[in-house]
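Read the structure below first, then the notes.
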Amino acid sequence: MARRYIIAVSVFLALGIVLLLIGFSKDDATGEAFSPSAAYTDKGKGTEERQWVGDRKSMPPGVYTVKTDETIKITMRDGIKLEGRLLLPQGLVGPYATIVQLNGYGNGKAGGPSEEPLMNLAERGYAVLHVSMRGTGASEGEIGLYESYAADGYDVIEWAASQQWSSGEVATVGASLQGITQWLAAKELPPSLKAISPVIACADCYEFLWHPGRMEAGTGRIERTEEFLAAKIHRDYDSWWQDRTVAENQLKEIAEAGIAVLVSGGWNDYISPGNVDAYEHIRSAEGSGHLIMSAGGHSRLSAVMPYEFEDYQALWLDHQLNGEQNSVSSSPPVLIYVQGAEQWRYESAWPIPDAQLEELFFSDQKSGSIFSVNDGSLTEQAPRKPLAFTSYGYSPIKGPFLPTLLSASGRSLANQHKYETKTATWTTGRLSAPTEVTGVVKAKFWAEVNAEDADFVLQLTDVAPDGSSKQVAAGYLNASRAESRTEPEPLIPGEINEYTIEFQPTSYVFQKNHRLRLSIAGGAEMQPEQKSPQGPGKNQSPSAVTIYQDQNHPSSLSLPLIGVPAFDTME
1 MARRYIIAVS VFLALGIVLL LIGFSKDDAT GEAFSPSAAY TDKGKGTEER
51 QWVGDRKSMP PGVYTVKTDE TIKITMRDGI KLEGRLLLPQ GLVGPYATIV
101 QLNGYGNGKA GGPSEEPLMN LAERGYAVLH VSMRGTGASE GEIGLYESYA
151 ADGYDVIEWA ASQQWSSGEV ATVGASLQGI TQWLAAKELP PSLKAISPVI
201 ACADCYEFLW HPGRMEAGTG RIERTEEFLA AKIHRDYDSW WQDRTVAENQ
251 LKEIAEAGIA VLVSGGWNDY ISPGNVDAYE HIRSAEGSGH LIMSAGGHSR
301 LSAVMPYEFE DYQALWLDHQ LNGEQNSVSS SPPVLIYVQG AEQWRYESAW
351 PIPDAQLEEL FFSDQKSGSI FSVNDGSLTE QAPRKPLAFT SYGYSPIKGP
401 FLPTLLSASG RSLANQHKYE TKTATWTTGR LSAPTEVTGV VKAKFWAEVN
451 AEDADFVLQL TDVAPDGSSK QVAAGYLNAS RAESRTEPEP LIPGEINEYT
501 IEFQPTSYVF QKNHRLRLSI AGGAEMQPEQ KSPQGPGKNQ SPSAVTIYQD
551 QNHPSSLSLP LIGVPAFDTM E
């Protein structure tokens with residue numbers, strides 16, 4: 001190994017022996033050797049007998065021809081008329097169970113990206129109504145950020161249910177903005193609404209899209225200028241946002257009304273954490289729900305197993321609207337893709353009931369894996385020192401930043417090592433067996449800030465034996481809004497406070513000989529190759545931050561482990 005300076009041979013040999021003894025290598029510390037590691041896809045230790053999905057299944061195509069009516073006009077309660085497109089199956093005696101898509105993109109006419117999946121549903125015997133929301137397509141009214149989605153959604157659903165071609169049983173489908181419209185319509189509790197299927201969406205888009213971690217709105221949404229400016233103006237959660245989000249009590253009402261939900265998304269999507277959060281609230285209120293989570297970003301769910309997503313959704317709708325018993329209705333309600341194992345698996349519930357929460361504490365003991373601000377360790381042993389801490393500074397111009405923003409394709413694939421060297425880090429020892437983390441990782445830490453405001457950006461990465469680091473999940477928090485998103489409270493400089501940050505949900509197997517690393521920075525930044533990445537904006541307040549990790553301030557990382565009783569796989 002080449003050295004930039006000359007040292008005595010005896011010192012060189014002694015140093016080499018010491019480094020070998022503590023498990024420290026140049027590759028670990030610098031990440032310079034970014035050659036691809038062997039592509040292991042082992043399942044997590046102890047998960048081998050769980051309900052992994054086997055062979056692919058398929059449904060026969062729909063058998064009905066479809067008649068299209070492009071002349072639909074639906075009058076809202078305020079007199080505004082929305083355009084719609086109606087697809088009716090031919091050769092099947094009606095009335096028909098009805099599918100509605102509430103499209104905030106204005107693609108109510110033929111030829112849009114929704115054309116094929118909606119046509120497939122009509123071919124399977126459903127009446128399908130595709131509506132352009134107000135201010136879009138040929139619909140009247142003015143467009144705005146989720147403007148009148150709740151009331152208009154209610155009116156469209158009840159109009160559809162009242163038509164002679166409808167059985168009165170209505171479900172909604174659609175992705176992204178078309179999924180947000182579903183959540184907002186559902187909170188109005190339309191009597192005819194039996195089920196919703198929001199894909200890559202959020203019910204509380206203040207928290208999970210526009211202001212992640214209650215931080216500033218990011219520039220990734222600046223293309224939607226008027227909406228972006230409105231979100232910037234409404235920095236805190238006020239009555240304006242209440243009209244445009246679904247609160248916890250409203251999710252409970254949806255569950256109690258018997259509206260079933262098929263929630264789906266991707267672990268690497270910027271908006272899906274909001275979908276998962278809503279699903280948890282629905283299920284905690286004993287509502288009916290299924291959850292599908294892929295490894296994808298903000299795009300169509302593909303390669304879902306055992307059925308492709310459209311087939312799975314069709315079978316689920318058959319059960320919800322027509323009462324059919326089928327392979328989806330009889331399967332466990334949670335279907336997840338486990339990254340690292342690279343395989344789909346069923347679970348009985350979410351969060352996974354038998355997940356073991358393992359708490360790893362921040363330690364000032366050197367991990368020997370990176371030349372970062374502090375190179376701390378994550379350990380099972382609670383801190384014993386009376387005083388231990390690490391500090392870093394933050395500038396809105398110089399950072400440090402972590403590249404945690406997510407584009408439509410998902411997370412940055414860049415080696416995170418060079419970014420982590422500029423931040424505070426804590427790293428585990430090498431794993432002696434594959435270890436699965438599935439659920440919501442949480443960090444609870446004590447920090448002192450010398451300013452009235454600061455942001456915390458946290459990143460969990462998978463560190464390979466060659467020192468390269470892969471992003472797994474991230475978490476955000478604006479410190480002055482840690483306790484309230486309606487009434488921010490300026491920090492008292494010099495005061496030590498405890499903060500809790502939830503990461504984006506994930507399912508990931510860390511392979512044998514890999515490490516887990518937590519990094520903390522003051523802001524998030526995009527990668528050069530990313531196009532319009534989504535995530536929070538930068539805090540304009542410079543600050544100096546001290547993270548405490550002593551017996552009076554035991555900072556820690558909580559991991560939901562699957563298959564092993566505790567985090568006992570560390571060397």
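In terms of the UniProt record's numbering, the sequence shown has 35 at position 35, counting the first letter as 1, and numbering is strictly consecutive. From the three backbone atoms N, C-alpha and C, an ideal C-beta is built for every residue, glycine too.
Helix, strand or coil for Arg481? Go by DSSP, reduced to three states. Here residue 481 is taken as the residue at index 481 of the sequence shown, counted from 1. It is helical.
Thinking just about the alpha-carbon of each residue, which of Ser348, Gly340, Trp344 and Val338 is nearest to the one in Ser331? The residue given as residue 331 occupies position 331 in the sequence shown. Nearest C-alpha to Ser331: Ser348.
Every unbroken beta strand (DSSP E) within the region 368-425, with a cutoff of 3 residues, ordered by chain: 376-379 and 389-394
C-alpha gap between Leu431 and Val437, whole angstroms: In the sequence shown, counting from the first residue as 1, residue 431 sits at position 431. In the sequence shown, counting from the first residue as 1, residue 437 sits at position 437. Straight-line Cα distance between these residues: approximately 13 angstroms.
Can you tell me where the beta strand (DSSP E) with His234 in it begins and where it stops? By 1-based counting over the sequence shown, the position of residue 234 is 234. Here His234 belongs to no beta strand (DSSP E), and DSSP marks it neither H nor E.
At what residues does the alpha helix (DSSP H) containing Ala359 begin and finish? Along the sequence shown, one-based indexing puts residue 359 at 359. It is Glu, not Ala, that sits at residue 359 in the sequence shown. Unbroken run through Glu359 is the beta strand (DSSP E), Gln356 to Ser363; no alpha helix (DSSP H).
Scan the region 270-303 and note each continuous beta strand (DSSP E) run of 3 residues or more that stays entirely inside, going in chain order. 289-294
Please go through the same chain and pick out, in chain order, the residues whose beta-carbon is closer than 6 angstroms to the beta-carbon of Pro95, but skip the five residues on each side of it. To locate residue 95, count along the sequence shown from 1; it is residue 95. Around Pro95: Trp165, Ser166 and Ser167.
Where Thr569 and Ile520 are concerned, what is the direct C-alpha to C-alpha distance, given to the nearest angstrom? Locating residue 569 in the sequence shown gives position 569, where the first residue counts as 1. Locating residue 520 in the sequence shown gives position 520, where the first residue counts as 1. For Thr569, the predicted structure reports a pLDDT of 42, less than 50, and the residue's modelled location is therefore unreliable. A value from the coordinates is still provided. When rounded, the distance between both Cα atoms is 24 angstroms.
Is it right to say Gln178 is buried, meaning 16 or more other beta carbons lie within 10 angstroms of its own, or is it exposed? What you label residue 178 is simply residue 178 of the sequence shown in a count that begins at 1. Buried, by the Cβ-count rule.
Rounded Cβ spacing between Trp426 and Ser377 (contact assumed at less than 8 angstroms): Within the sequence shown, the letter at position 426 stands for residue 426. Within the sequence shown, the letter at position 377 stands for residue 377. With 8 angstroms as the limit, Trp426 and Ser377 qualify as a contact, their Cβ atoms being about 6 angstroms apart.
Glu487 versus Ser239, Ser299 and Gln163, residue with shortest Cα-Cα distance: Your numbering for residue 487 matches position 487 in the sequence shown. The alpha carbon of Glu487 has as its nearest neighbour, out of Ser239, Ser299 and Gln163, the alpha carbon of Ser239.
Does the beta-carbon distance from Ile336 to Met293 come in below 8 angstroms? Residue mapping note: residue 336 aligns to position 336 of the sequence shown, counting from 1. Residue mapping note: residue 293 aligns to position 293 of the sequence shown, counting from 1. Taking 8 angstroms as the Cβ cut-off, Ile336 and Met293 qualify as a contacting pair.
Out of curiosity, what's the CA-to-CA distance linking Gly467 and Ser369? Taking the first residue of the sequence shown as position 1, residue 467 is located at position 467. Taking the first residue of the sequence shown as position 1, residue 369 is located at position 369. Answer to the nearest angstrom: the Cα atoms are 7 angstroms apart.
DSSP state of Val156, grouped into three classes? Taking the sequence shown and counting its residues from 1, one reaches residue 156 at position 156. Here Val156 carries a helix assignment [DSSP, helix/strand/coil].
Opening and closing residue of the beta strand (DSSP E) in which Phe456 lies: Indexing the sequence shown from 1 puts residue 456 at position 456. Where Phe456 is concerned, the enclosing beta strand (DSSP E) stretches over Asp455 to Val463.
Mapping the DSSP letters down to three states, classify Ile200 as helix, strand or coil. The count along the sequence shown starts at 1 and reaches residue 200 at position 200. Looking at Ile200 - three-state DSSP - the assignment turns out to be coil, as it is neither helix nor strand.
Span of the alpha helix (DSSP H) around Asp318: As a position in the sequence shown, residue 318 is number 318, starting the count at 1. Its alpha helix (DSSP H) spans residues Phe309 to Asn322.
With a threshold of 6 angstroms on Cβ separation, who are the neighbours of Ser272 within its own chain once the five nearest residues in sequence on each side are excluded? The sequence position of residue 272 within the sequence shown is 272, counting from 1. So the qualifying residues of the chain are Ile200, Gly265 and Gly266.
Any idea which residues DSSP pairs Trp350 with across the strands? Numbered from 1 along the sequence shown, position 350 holds the residue referred to as residue 350. Answer by DSSP bridge pairing: none, since Trp350 is not bridged.
Just to check my reading of the structure: Glu310 and Pro117 have Cβ atoms closer than 8 angstroms, yes? What is that Cβ distance to the nearest angstrom? Along the sequence shown, one-based indexing puts residue 310 at 310. Along the sequence shown, one-based indexing puts residue 117 at 117. Indeed they touch by this definition, with Cβ atoms about 5 angstroms apart.
Please list, in chain order, all residues of the same chain as Gly340 whose beta carbon is under 6 angstroms from its beta carbon, the five residues on each side excluded. Taking the first residue of the sequence shown as position 1, residue 340 is located at position 340. Once the five neighbours on either side are set aside, the close Cβ partners of Gly340 are Tyr508 and Val509.
Alpha carbon to alpha carbon, how far is Gly297 from Pro386? Indexing the sequence shown from 1 puts residue 297 at position 297. Indexing the sequence shown from 1 puts residue 386 at position 386. In a straight line, the C-alpha of Gly297 is about 44 angstroms away from that of Pro386.
When you compare only the Cα positions, how much space is there between Ser220 and Thr245? The residue given as residue 220 occupies position 220 in the sequence shown. The residue given as residue 245 occupies position 245 in the sequence shown. Contrary to the premise, residue 220 reads as Gly rather than Ser in this sequence. Those two C-alpha atoms are separated by around 20 angstroms.
What are the partner residues of Glu226, as DSSP defines its beta bridges? For the purposes of this step, residue 226 is identified with residue 226 of the sequence shown, where counting begins at 1. The partner list for Glu226 (beta bridge, DSSP) is empty, contrary to what the question assumes.
Run through DSSP, which three-state label would Glu56 get? Your numbering for residue 56 matches position 56 in the sequence shown. Contrary to the premise, residue 56 reads as Arg rather than Glu in this sequence. DSSP places Arg56 in coil when its eight states are reduced to three.
Within the chosen definition, does the region 73-84 reach the region 135-144 through at least 3 CB pairs nearer than 8 angstroms? Enough Cβ pairs lie closer than 8 angstroms, so yes.
Of the residues Val564, Lys538, Gln163 and Asn120, the one placed nearest Ser192, counting alpha carbons only: Start at 1 with the first residue of the sequence shown, and residue 192 comes out as number 192. The shortest Cα separation from Ser192 among Val564, Lys538, Gln163 and Asn120 belongs to Gln163.
Taking the alpha-carbon of Phe456 as reference, which of Gly563, Thr404 and Gln416 has the nearest alpha-carbon? Your numbering for residue 456 matches position 456 in the sequence shown. Answer by Cα proximity: Thr404.
So, is Val63 buried or exposed, given that buried needs 16 or more other C-beta atoms within 10 angstroms? Mapped onto the sequence shown, residue 63 falls at position 63. It is exposed - the Cβ of Val63 has fewer than 16 other Cβ atoms within 10 Å.
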